[in-house]
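Novice:
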Amino acid sequence: MSDWDAGLEDDEAGAVMRTVSRQLKLWREAAGLTQAEFGTAIGYGEELVSSVERRRRIPRPEYLDAADEVLAAGGKIAAMKQDVAELRYPKKVRDVKRLEAAAVEICSYNNSIVDGLLQTREYARAVIGSRRPPFTVDELERQVAARLARQEIISTATAEPLFSFVLCESTLRRPIGGKMVMRGQLERLLEVAQLPNVDLQVLPLSSEENSGLGGPFRLLKLKDGATVALSEAAFISRVFCNPKETTVGDMRYGIIRAQALTPRESLALIDKVLGET
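Just so it is clear: in the sequence shown, position 254 is 260 by my numbering, and no numbers are missing.
(1) From which residue to which residue does the alpha helix (DSSP H) around residue 150 run?
(2) Does the beta-carbon of residue 40 have 16 or more other beta-carbons within 10 angstroms, so that it is buried, or is it exposed?
(3) Suppose you measure from the CA of residue 183 to the CA of residue 203; what does that come to, to the nearest Å?
(4) Out of 122, 161 and 146, which has the shortest C-alpha to C-alpha gap to residue 171?
(5) Bridge partners of residue 233, per DSSP?
(6) Within the continuous beta strand (DSSP E) that includes residue 207, where are the two ends?
(7) Which of the three DSSP states is assigned to residue 93 in this structure?
(8) Could you please give the first and the last residue of the uninterrupted alpha helix (DSSP H) stretch that includes residue 254?
(9) Report buried or exposed for residue 191, applying the criterion of at least 16 other Cβ atoms within 10 angstroms of its Cβ.
(10) Tell me whether residue 244 sits in a helix, a strand or coil according to DSSP, three-state version.
(11) Mapping the DSSP letters down to three states, classify residue 78 as helix, strand or coil.
(12) Using DSSP's beta-bridge definition, name the partner residues of residue 116.
(13) May I ask you to list the residues that DSSP assigns as paired with residue 109?
(14) Does the distance from the CB of residue 260 to the CB of residue 235 come in under 7 Å?
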(Lines of atoms letter the chains of each structure in order from A and count residues from 1; the text may use other names and numbers.)
(Lines give C-alpha, C1' and ligand atoms only; values in the text may rest on other atoms or scores of the structure.)
Protein backbone atom coordinates (compact mmCIF):
# COMPACT_ATOMS: atom_id res chain seq x y z
CA MET A 1 0.00 0.00 0.00
CA SER A 2 1.32 3.46 -0.94
CA ASP A 3 1.64 6.07 1.80
CA TRP A 4 -0.96 8.07 -0.19
CA ASP A 5 -3.55 5.28 -0.01
CA ALA A 6 -6.19 6.30 2.49
CA GLY A 7 -5.86 3.46 4.96
CA LEU A 8 -6.92 5.91 7.65
CA GLU A 9 -6.50 4.51 11.12
CA ASP A 10 -8.24 7.08 13.31
CA ASP A 11 -11.26 9.38 13.50
CA GLU A 12 -9.21 12.55 13.15
CA ALA A 13 -7.66 11.49 9.85
CA GLY A 14 -11.04 10.29 8.58
CA ALA A 15 -12.66 13.63 9.44
CA VAL A 16 -9.98 15.58 7.58
CA MET A 17 -10.33 13.39 4.50
CA ARG A 18 -14.14 13.72 4.54
CA THR A 19 -13.78 17.51 4.57
CA VAL A 20 -11.14 17.61 1.85
CA SER A 21 -12.91 15.17 -0.49
CA ARG A 22 -16.25 16.96 0.00
CA GLN A 23 -14.70 20.34 -0.78
CA LEU A 24 -12.97 19.03 -3.90
CA LYS A 25 -16.22 17.52 -5.15
CA LEU A 26 -18.20 20.70 -4.43
CA TRP A 27 -15.65 22.90 -6.22
CA ARG A 28 -15.58 20.52 -9.20
CA GLU A 29 -19.38 20.37 -9.51
CA ALA A 30 -19.66 24.13 -9.11
CA ALA A 31 -17.33 24.45 -12.10
CA GLY A 32 -19.60 22.15 -14.10
CA LEU A 33 -16.91 19.50 -14.66
CA THR A 34 -17.33 15.75 -14.68
CA GLN A 35 -14.68 13.65 -12.96
CA ALA A 36 -13.22 12.74 -16.34
CA GLU A 37 -13.10 16.39 -17.49
CA PHE A 38 -11.59 17.52 -14.22
CA GLY A 39 -8.98 14.75 -14.35
CA THR A 40 -7.97 15.76 -17.86
CA ALA A 41 -7.70 19.42 -16.80
CA ILE A 42 -5.37 18.70 -13.89
CA GLY A 43 -3.41 15.92 -15.58
CA TYR A 44 -4.81 12.91 -13.70
CA GLY A 45 -7.05 10.01 -14.65
CA GLU A 46 -10.76 9.79 -13.87
CA GLU A 47 -10.13 6.78 -11.62
CA LEU A 48 -7.81 8.77 -9.35
CA VAL A 49 -10.25 11.69 -9.16
CA SER A 50 -12.97 9.23 -8.16
CA SER A 51 -10.70 7.58 -5.57
CA VAL A 52 -9.92 10.96 -3.98
CA GLU A 53 -13.57 12.00 -3.84
CA ARG A 54 -14.50 8.61 -2.35
CA ARG A 55 -11.73 8.97 0.27
CA ARG A 56 -9.78 5.98 -1.00
CA ARG A 57 -6.71 8.04 -1.91
CA ILE A 58 -5.06 10.97 -0.17
CA PRO A 59 -4.50 13.77 -2.72
CA ARG A 60 -0.83 14.70 -3.16
CA PRO A 61 0.23 18.36 -2.82
CA GLU A 62 0.63 18.72 -6.59
CA TYR A 63 -2.92 17.40 -7.07
CA LEU A 64 -4.28 20.09 -4.75
CA ASP A 65 -2.18 22.79 -6.42
CA ALA A 66 -3.50 21.80 -9.85
CA ALA A 67 -7.08 21.61 -8.55
CA ASP A 68 -6.75 25.05 -6.97
CA GLU A 69 -5.57 26.55 -10.27
CA VAL A 70 -8.10 24.82 -12.55
CA LEU A 71 -11.02 25.54 -10.23
CA ALA A 72 -9.87 29.13 -9.59
CA ALA A 73 -10.10 28.56 -5.84
CA GLY A 74 -7.72 31.38 -4.99
CA GLY A 75 -5.58 29.30 -2.64
CA LYS A 76 -8.48 27.80 -0.65
CA ILE A 77 -7.81 24.27 -1.94
CA ALA A 78 -4.02 24.57 -1.87
CA ALA A 79 -4.26 25.68 1.76
CA MET A 80 -5.29 22.13 2.69
CA LYS A 81 -1.94 20.65 1.63
CA GLN A 82 -0.31 20.63 5.06
CA ASP A 83 -3.27 19.01 6.81
CA VAL A 84 -3.59 16.40 4.07
CA ALA A 85 0.14 15.60 4.01
CA GLU A 86 0.05 14.87 7.76
CA LEU A 87 -2.51 12.10 7.17
CA ARG A 88 0.22 9.86 5.72
CA TYR A 89 1.75 9.51 9.17
CA PRO A 90 0.52 7.33 12.06
CA LYS A 91 -1.60 9.12 14.65
CA LYS A 92 1.03 8.56 17.32
CA VAL A 93 3.59 10.44 15.21
CA ARG A 94 1.16 13.29 14.51
CA ASP A 95 0.42 13.65 18.22
CA VAL A 96 4.12 13.74 19.18
CA LYS A 97 4.85 16.20 16.36
CA ARG A 98 2.18 18.57 17.71
CA LEU A 99 3.59 18.35 21.22
CA GLU A 100 7.09 19.07 19.94
CA ALA A 101 5.81 22.08 18.00
CA ALA A 102 4.24 23.44 21.20
CA ALA A 103 7.41 22.95 23.28
CA VAL A 104 9.92 25.57 24.35
CA GLU A 105 12.33 22.90 25.56
CA ILE A 106 12.74 19.25 24.59
CA CYS A 107 14.87 16.93 26.71
CA SER A 108 15.69 13.36 25.73
CA TYR A 109 17.61 10.48 27.29
CA ASN A 110 18.19 7.25 25.39
CA ASN A 111 20.28 4.22 26.23
CA SER A 112 19.31 2.02 23.27
CA ILE A 113 19.23 4.06 20.04
CA VAL A 114 19.92 7.61 18.88
CA ASP A 115 16.91 9.89 19.47
CA GLY A 116 14.52 10.02 16.50
CA LEU A 117 15.04 13.76 16.05
CA LEU A 118 18.73 13.11 15.40
CA GLN A 119 18.54 10.05 13.16
CA THR A 120 19.70 9.99 9.55
CA ARG A 121 17.40 8.42 6.98
CA GLU A 122 19.59 5.32 6.71
CA TYR A 123 19.83 4.88 10.48
CA ALA A 124 16.07 5.37 10.90
CA ARG A 125 15.38 2.79 8.21
CA ALA A 126 17.71 0.30 9.92
CA VAL A 127 16.09 0.89 13.32
CA ILE A 128 12.51 0.66 12.07
CA GLY A 129 13.42 -2.21 9.76
CA SER A 130 14.64 -4.27 12.72
CA ARG A 131 11.05 -4.68 13.93
CA ARG A 132 9.77 -8.24 14.23
CA PRO A 133 7.43 -9.11 12.70
CA PRO A 134 8.75 -6.76 10.02
CA PHE A 135 6.80 -3.97 8.36
CA THR A 136 5.92 -4.28 4.69
CA VAL A 137 8.17 -2.27 2.37
CA ASP A 138 5.54 0.46 1.94
CA GLU A 139 4.80 0.68 5.66
CA LEU A 140 8.51 0.83 6.44
CA GLU A 141 8.93 3.81 4.11
CA ARG A 142 5.84 5.42 5.64
CA GLN A 143 7.30 5.07 9.13
CA VAL A 144 10.68 6.43 8.01
CA ALA A 145 9.05 9.42 6.29
CA ALA A 146 7.04 10.14 9.44
CA ARG A 147 10.15 10.10 11.61
CA LEU A 148 12.07 12.41 9.28
CA ALA A 149 9.10 14.79 9.08
CA ARG A 150 9.40 15.37 12.82
CA GLN A 151 12.95 16.60 12.31
CA GLU A 152 11.72 19.79 10.64
CA ILE A 153 11.56 21.29 14.10
CA ILE A 154 15.29 20.88 14.66
CA SER A 155 16.25 21.95 11.15
CA THR A 156 14.71 25.40 11.24
CA ALA A 157 16.77 28.57 11.42
CA THR A 158 14.97 29.76 14.56
CA ALA A 159 16.54 29.23 17.96
CA GLU A 160 13.43 27.55 19.33
CA PRO A 161 12.84 25.27 21.02
CA LEU A 162 15.86 24.45 23.16
CA PHE A 163 17.06 20.87 22.83
CA SER A 164 18.93 18.75 25.33
CA PHE A 165 19.95 15.22 24.38
CA VAL A 166 21.78 12.69 26.54
CA LEU A 167 22.85 9.51 24.77
CA CYS A 168 24.39 6.52 26.43
CA GLU A 169 27.77 5.71 24.87
CA SER A 170 26.34 2.34 23.84
CA THR A 171 24.17 4.11 21.24
CA LEU A 172 27.35 5.39 19.56
CA ARG A 173 29.05 1.99 19.48
CA ARG A 174 26.14 -0.24 18.48
CA PRO A 175 26.62 -0.60 14.67
CA ILE A 176 22.97 -0.36 13.68
CA GLY A 177 22.72 -0.61 9.91
CA GLY A 178 26.41 -1.37 9.50
CA LYS A 179 29.65 0.59 9.50
CA MET A 180 28.82 3.19 6.86
CA VAL A 181 25.37 3.90 8.30
CA MET A 182 26.90 4.46 11.73
CA ARG A 183 29.58 6.74 10.29
CA GLY A 184 26.87 8.87 8.73
CA GLN A 185 24.94 8.90 12.00
CA LEU A 186 27.95 9.96 14.05
CA GLU A 187 28.70 12.72 11.55
CA ARG A 188 25.09 13.86 11.87
CA LEU A 189 25.44 14.08 15.65
CA LEU A 190 28.57 16.21 15.33
CA GLU A 191 26.73 18.47 12.88
CA VAL A 192 23.58 18.95 14.95
CA ALA A 193 25.60 19.56 18.11
CA GLN A 194 26.93 22.76 16.52
CA LEU A 195 23.47 24.36 16.50
CA PRO A 196 23.21 27.11 19.14
CA ASN A 197 19.99 25.74 20.65
CA VAL A 198 21.23 22.14 20.98
CA ASP A 199 23.10 20.58 23.90
CA LEU A 200 24.30 17.05 23.21
CA GLN A 201 25.86 14.96 25.98
CA VAL A 202 27.08 11.40 26.25
CA LEU A 203 26.82 9.24 29.35
CA PRO A 204 30.02 7.14 29.16
CA LEU A 205 30.06 3.39 29.70
CA SER A 206 32.91 3.91 32.14
CA SER A 207 30.60 5.81 34.50
CA GLU A 208 29.79 3.92 37.67
CA GLU A 209 26.62 5.99 38.09
CA ASN A 210 23.71 5.83 35.68
CA SER A 211 20.26 6.99 36.77
CA GLY A 212 18.84 6.14 33.35
CA LEU A 213 18.92 2.36 33.61
CA GLY A 214 15.12 2.36 33.65
CA GLY A 215 15.12 3.13 29.93
CA PRO A 216 14.67 6.03 27.52
CA PHE A 217 12.28 8.90 28.13
CA ARG A 218 11.60 12.42 26.93
CA LEU A 219 10.40 15.63 28.57
CA LEU A 220 8.56 18.33 26.63
CA LYS A 221 8.21 21.66 28.39
CA LEU A 222 5.33 23.49 26.75
CA LYS A 223 4.68 27.18 26.16
CA ASP A 224 1.88 27.24 28.74
CA GLY A 225 4.29 26.11 31.47
CA ALA A 226 3.14 22.48 31.55
CA THR A 227 5.50 19.53 31.17
CA VAL A 228 4.71 16.31 29.34
CA ALA A 229 6.79 13.16 29.81
CA LEU A 230 6.93 10.43 27.15
CA SER A 231 8.13 6.92 27.89
CA GLU A 232 8.36 3.94 25.54
CA ALA A 233 8.76 0.29 26.39
CA ALA A 234 8.62 -2.89 24.30
CA PHE A 235 4.84 -3.01 23.85
CA ILE A 236 3.57 0.30 25.15
CA SER A 237 4.05 4.05 24.86
CA ARG A 238 2.91 6.22 27.74
CA VAL A 239 2.31 9.93 28.16
CA PHE A 240 2.52 11.48 31.63
CA CYS A 241 1.01 14.90 32.39
CA ASN A 242 0.52 14.65 36.15
CA PRO A 243 2.87 17.17 37.84
CA LYS A 244 3.93 14.58 40.41
CA GLU A 245 5.12 12.24 37.66
CA THR A 246 6.66 14.90 35.42
CA THR A 247 8.53 16.39 38.40
CA VAL A 248 10.14 12.99 39.01
CA GLY A 249 11.09 12.83 35.33
CA ASP A 250 12.55 16.33 35.44
CA MET A 251 14.59 15.49 38.53
CA ARG A 252 15.83 12.24 37.02
CA TYR A 253 16.85 13.96 33.81
CA GLY A 254 18.79 16.59 35.74
CA ILE A 255 20.73 13.86 37.56
CA ILE A 256 21.47 12.04 34.29
CA ARG A 257 22.80 15.25 32.73
CA ALA A 258 25.05 15.76 35.73
CA GLN A 259 26.39 12.20 35.37
CA ALA A 260 27.10 12.67 31.64
CA LEU A 261 30.13 14.25 30.02
CA THR A 262 29.99 17.96 29.26
CA PRO A 263 28.90 18.91 25.71
CA ARG A 264 32.52 19.61 24.72
CA GLU A 265 33.78 16.32 26.20
CA SER A 266 30.87 14.53 24.53
CA LEU A 267 31.75 15.88 21.09
CA ALA A 268 35.33 14.73 21.60
CA LEU A 269 34.10 11.23 22.44
CA ILE A 270 31.77 11.12 19.42
CA ASP A 271 34.65 12.22 17.20
CA LYS A 272 36.86 9.52 18.75
CA VAL A 273 34.23 6.81 18.11
CA LEU A 274 33.83 8.09 14.55
CA GLY A 275 37.55 7.70 14.02
CA GLU A 276 37.33 4.12 15.26
CA THR A 277 34.32 3.22 13.10
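For every residue, glycine included, the Cβ atom is placed at its ideal position computed from N, Cα and C. Everything numeric in this text was worked out from a predicted model, so none of it was measured.
Specialist: In this structure, then:
(1) As a position in the sequence shown, residue 150 is number 144, starting the count at 1. Run containing residue 150: 143-156, per the alpha helix (DSSP H) assignment.
(2) Along the sequence shown, one-based indexing puts residue 40 at 34. It is exposed - the Cβ of residue 40 has fewer than 16 other Cβ atoms within 10 Å.
(3) The count along the sequence shown starts at 1 and reaches residue 183 at position 177. The count along the sequence shown starts at 1 and reaches residue 203 at position 197. Their backbone Cα atoms lie some 29 Å apart in a straight line.
(4) Within the sequence shown, numbered from 1, the residue matching residue 171 stands at position 165. Residue 122 is the option with its Cα nearest to residue 171.
(5) Numbered from 1 along the sequence shown, position 227 holds the residue referred to as residue 233. Note: residue 233 sits in a beta bridge opposite 227.
(6) Counting from 1 along the sequence shown, the entry for residue 207 is found at position 201. 204-209 is the extent of the beta strand (DSSP E) around residue 207.
(7) Numbered from 1 along the sequence shown, position 87 holds the residue referred to as residue 93. It is coil, neither helix nor strand.
(8) Reading the sequence shown from its first residue, position 248 is the one you call residue 254. First-last of the alpha helix (DSSP H) with residue 254: 249-265.
(9) For the purposes of this step, residue 191 is taken as residue 185 along the sequence shown, with counting starting at 1. Residue 191 is buried by the Cβ-count criterion.
(10) Residue 244 sits at position 238 when you count from the first residue of the sequence shown. Reduced to three states, the DSSP call for residue 244 is strand.
(11) Residue 78 sits at position 72 when you count from the first residue of the sequence shown. Coil, per DSSP.
(12) Translated into the one-based positions of the sequence shown, residue 116 becomes position 110. Beta-bridge pairing links residue 116 to 173.
(13) Mapped onto the sequence shown, residue 109 falls at position 103. DSSP, once it has assigned bridges, lists 228 as partnering residue 109.
(14) Along the sequence shown, one-based indexing puts residue 260 at 254. Along the sequence shown, one-based indexing puts residue 235 at 229. Not closer than 7 Å, so no.
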